Amino acid sequence: MENLEREIREFREAFCPYGCLDIKMAVEAALASGHDGNWAFEQIEAFSKECCTKIADIDPCYVVLYSIMQEARNEIDKLTGFDILNDAGFELYGNYMCSCYDWISEDIERLKDALKEYEISPDDLSDATVYWLGMVEVDLREL
Numbered sequence: 005m006e007n008l009e010r011e012i013r014e015f016r017e018a019f020c021p022y023g024c025l026d027i028k029m030a031v032e033a034a035l036a037s038g039h040d041g042n043w044a045f046e047q048i049e050a051f052s053k054e055c056c057t058k059i060a061d062i063d064p065c066y067v068v069l070y071s072i073m074q075e076a077r078n079e080i081d082k083l084t085g086f087d088i089l090n091d092a093g094f095e096l097y098g099n100y101m102c103s104c105y106d107w108i109s110e111d112i113e114r115l116k117d118a119l120k121e122y123e124i125s126p127d128d129l130s131d132a133t134v135y136w137l138g139m140v141e142v143d144l145r146e147l
């Protein structure tokens, strides 16, 4: 029986090599940004195909956070003409469940100025963009 349980565990791990905390973090970020677990998996699958990399070799947390950042980037750029990557230096560091966004205070000020100039409110933005702004510590109520 022990052998069977071990084999089942190894079989399952071959399908999903990530730890449960990595999966939890990726799905929590997806849910918090207005998406779901299926969307998170679709992002990982698309990233895998685009990079010609096996899913097992991809950081799921990085991919989900990157996808959210790209949504925010596109939406903010469309509304204000401000590109969070080219006009500021927002970045994403991938390290599985420790993946996080990074920035300097000048990036926040530039972004806030762009949002203020166009009088952007939370109602103007998708859940993904509102989530990303919260993750980089931009409170739209303060603008």
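Numbering of the sequence shown is given in this note's numbering, commencing with residue 5 and proceeding in unit increments.
Heads up, the beta-carbon is just placed ideally off N, CA and C, and yes, glycines get one too.
Please read all numbers here as calculations on a predicted model, not as lab measurements.
### Message
Here's the rule I'm using: 16 or more other beta-carbon atoms within 10 Å means buried, otherwise exposed. How should aspartate 106 be labelled?
### Response
exposed
### Query
First and last residue of the beta strand (DSSP E) that includes glutamate 95?
95-97
### Query
Is the stretch 127-139 touching the stretch 77-93, taking contact as three or more C-beta pairs under 8 Å?
yes
### Query
DSSP puts cysteine 104 in a beta bridge; with which residues?
Tyr97
### Query
Hey, proline 64 and aspartate 26 are a contact pair by Cβ (cut 8 Å); roughly how many whole angstroms apart?
6 Å
### Message
Just to confirm before moving on: does the CB-CB distance between alanine 44 and valine 68 stay below 8 Å?
### Response
yes
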